[in-house]
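Presented below is the structure to which this report refers.
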Amino acid sequence: MDAAQKPLFEFLLRQGDNALVLGHRTSEWCGVAPILEEDIALANMALDQIGQTQLWLGYAAEVEGAGRSADDLAFLRDVYDFRNLLMLEVPNGDFGRTQMRQFLYDAFQVPWLTQLQNSTDTRVAEIAAKCLKEALYHLDRSSHTVIALGDGTAESNKRMDEALAFLWPYSGEVFVDDETDHAMATAGVAPLLSEIKPLWLETVQTVLVQACLTLPEGDYAQKGGRTGFRHTEHLGHMLAVMQTLQRSYPGATW
Amino acid sequence: MMAVTEAQVWDWLDTVPDPEIPVISVVDLGVIREVQVAQDHVTVTITPTYSGCPAMAVIALDIETELAKNGIGKLDIQTRIAPAWTTDWLSEKGRARLEEFGIAPPQAAGGPKRCPHCKSKRVEKISQFGSTPCKAQWRCQDCMEPFDYFKCI
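Quick mapping for you: the protein sequence lines, in order, are chains A and B.
Under the working numbering, think of the first position of the first sequence as 98, with each following residue one higher.
Under the working numbering, think of the first position of the second sequence as 14, with each following residue one higher.
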């Protein structure tokens, strides 16, 4: 890979790894969700995320030009090579926390992918346009669920409040620009994440008010996932499950 | 072998059923974007519906099988993601067949126009997802039957 291509590769890994890790975490609900409709919905959401992963990591593999495929990137990298947000790798917690995380992520994805459609990199613009269609109904669904649970019973409100308190310190990481983000902004590939934050916050505030929940005050942010500097202890366990087949039977296909 | 025309290939493809909704063909579904014939070499360009739809791999295999049956040995199936697939590409024939089959066809308004069974307009959403990523679950408030709605994207 040409040194000039490195930031693009890094950028694509971040998009792909977010989709992959969230997709895998969401798939853990398959067969154990609270009701049948939710079980089907969560499995389908996971499927969308894995599909988006193929697009992002497929392009990342091409840019890298090292003969690796999207599957190789997904199943044969270890923890410190992953570039996903910490918020997406922490365990699901209860159903409420899973929905709150999905909402916080969807509220970011919609304005982000909307702007990526104008990327100077046509492939990025095309993938973003495809993913946006799915992100829009994910947001529609997750925001309605957050409102229903937040404005539900005393118990469901309490759980959503706890979910928000747990996830909030992880949400700050999404919008911290680093060298890669500046390189992408200069090249016109993507806007700076700090420019997306006000749009995200507006959606989050609007929905939380309707959900009878209060926006947490602190702005301390757990960081390190998207830069690969430091993941939580949970990602390794998740990868052990997700990658076991390819690790045990290298090259297995069906 | 006789020269194959593009129209003929389109006709053959129109006999390949969607693996998950077999009452419509892959042509009705709108995933076939282009057919090119250069002598005996056929190129079919498909656009995936949902990015993670597991049916896409089956669709490619079914296309290959159908065309091989008709003597096409040199086939290329290419995937094109832009412009992104939209339910606007469903054919009129496909829409009518969906409704006969009990699946409400997609509407720009975002919800089914009527119950595919009793045609009542009093319908309500149960869940945004149904048996496949492309469908949502709705229910008729008159005949009380639940039904699939093909989501509009």
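Note that CB positions come from ideal geometry on N, CA and C, so glycine has one too.
Nothing here was measured: the structure is a model prediction, and the numbers come from that model.
CB contact check: B/C156 to chain A, cutoff 8 Å: Chain A contact via Cβ: absent.
C-alpha distance - A/C228 paired with A/T211, whole-angstrom precision: Distance between the alpha carbons of A/C228 and A/T211: 10 Å.
Beta bridge counterpart(s) of B/S38 as assigned by DSSP: Paired residue(s): B/P30.
Cβ neighbour criterion (16 or more within 10 Å) applied to A/M184: Buried is the label assigned to A/M184, since at least 16 other Cβ atoms lie within 10 Å of its Cβ.
Segment contact, 8 Å Cβ cut-off, at least three pairs: the stretch 309 to 320 of chain A with the stretch 130 to 144 of chain A: Note that the stretch 309 to 320 of chain A does not touch the stretch 130 to 144 of chain A; fewer than 3 beta-carbon pairs, one per stretch, sit closer than 8 Å.
Residue from A/L213, A/G162, A/F108, A/W297 whose Cα sits closest to the Cα of A/D275: If we check each option's Cα against that of A/D275, A/F108 comes out closest.
Cutoff 8 Å: A/G348 Cβ touching any chain B Cβ: With 8 Å as the cut-off, A/G348 does not count as an interface residue toward chain B.
Element boundaries [alpha helix (DSSP H), containing A/P266]: First-last of the alpha helix (DSSP H) with A/P266: 251 to 268.
Proximity below 8 Å, CB of A/L381 to CB of A/A171: Because residue 381 of chain A is not part of the residues shown, which for chain A are 98 to 351, the question remains open.
Beta-carbon gap between B/Y162 and B/G124 smaller than 8 Å: Inclusion of B/Y162 and B/G124 in the CB contact set at 8 Å is warranted, their separation being smaller than that value.
Among A/E330, A/D136, A/V243, the one whose alpha carbon lies nearest that of A/F200: With distances taken between CA atoms, A/F200 lies nearest to A/V243 out of A/E330, A/D136, A/V243.
Contact with chain A by B/I94, beta-carbon distance below 8 Å: Among the residues facing chain A, B/I94 is included, as its CB has a counterpart in that chain under 8 Å away.
Proximity test, Cβ basis, 8 Å: A/R238 and chain B: At least one beta carbon of chain B lies nearer than 8 Å to the beta carbon of A/R238.
Extent of the continuous alpha helix (DSSP H) run through A/H235: DSSP places A/H235 inside the alpha helix (DSSP H), whose first and last residues are 219 to 247.
C-beta neighbour in chain A for B/A73, strict 8 Å: No, because no Cβ of chain A sits closer than 8 Å to the Cβ of B/A73.
C-beta neighbour in chain A for B/F142, strict 8 Å: For B/F142, the answer is yes, since a Cβ of chain A falls inside 8 Å of its Cβ.
CB-CB length for B/V48 against B/W23, believed under 8 Å: Rounded to whole angstroms, the Cβ separation of B/V48 and B/W23 is 6 Å, and the two are in contact under 8 Å.
Amino acids of chain E, ordered along the chain, whose beta-carbon sits closer than 7 Å to that of A/E223: The structure shown contains no chain E; its protein chains are A and B.
Three-way DSSP call (helix, strand, coil) for A/R327 in this model: Here A/R327 carries a coil assignment [DSSP, helix/strand/coil].
DSSP state of A/H334 mapped onto helix, strand, coil: A/H334: helix per DSSP, three-state reduction.
C-beta contact flag for A/I224 and B/I94 at 8 Å: Result yes, Cβ atoms of A/I224 and B/I94 sit closer than 8 Å.
Contact with chain A by B/P118, beta-carbon distance below 8 Å: Answer no: the Cβ-Cβ gap between B/P118 and chain A never drops below 8 Å.
Integer-rounded CB distance, given that A/E125 should sit under 8 Å from A/N189: That pair is a contact at about 6 Å.
Interfacial residues, the stretch 134 to 165 of chain A to chain B, with Cβ spacing under 9 Å: The residues in question are E134, E135, I137, A138, L139, A140, N141, M142, A143, L144, D145, Q146, I147, G148, Q149, T150, Q151, L152.
Contact set for A/G128: own chain, Cβ-Cβ below 8 Å, skip 5 residues either direction: Same-chain partners within the cutoff: D136.
Where A/D191 falls: helix, strand or coil (DSSP): Annotated three-state conformation of A/D191 is coil, per DSSP.
Closer than 7 Å at the beta carbon, the chain A residues around B/L166: Residue identity differs from the one stated: residue 166 of chain B is Ile in this sequence, not Leu. Within chain A, the residues whose beta carbon sits less than 7 Å from that of B/I166 are K230, listed in sequence order.
Minimum C-alpha distance to B/D27 - residue among B/Q150, B/L42, B/T18: The shortest C-alpha to C-alpha distance from B/D27 to any of B/Q150, B/L42, B/T18 is the one to B/L42.
Residues of its chain near A/L152, where Cβ-Cβ distance is below 6 Å and the 5 sequence neighbours each way are ignored: Exclusion of the five residues before and after A/L152 leaves I224 as the residues of its chain whose Cβ lies within less than 6 Å of its Cβ.
Nearest neighbour of A/D178, chosen from A/A163, A/F326, A/A349 [CA to CA]: Closest option to A/D178, Cα to Cα, is A/F326.
Entirely enclosed alpha helix (DSSP H) segments - the stretch 38 to 96 of chain B, minimum 4 residues: For the stretch 38 to 96 of chain B, whole alpha helix (DSSP H) runs of length 4 or above, ordered along the chain, are 39 to 42, 68 to 82.
Under 8 Å from the C-beta of B/Y63: neighbouring residues of chain A: Chain A residues near B/Y63: L144, D145, G148, E231.
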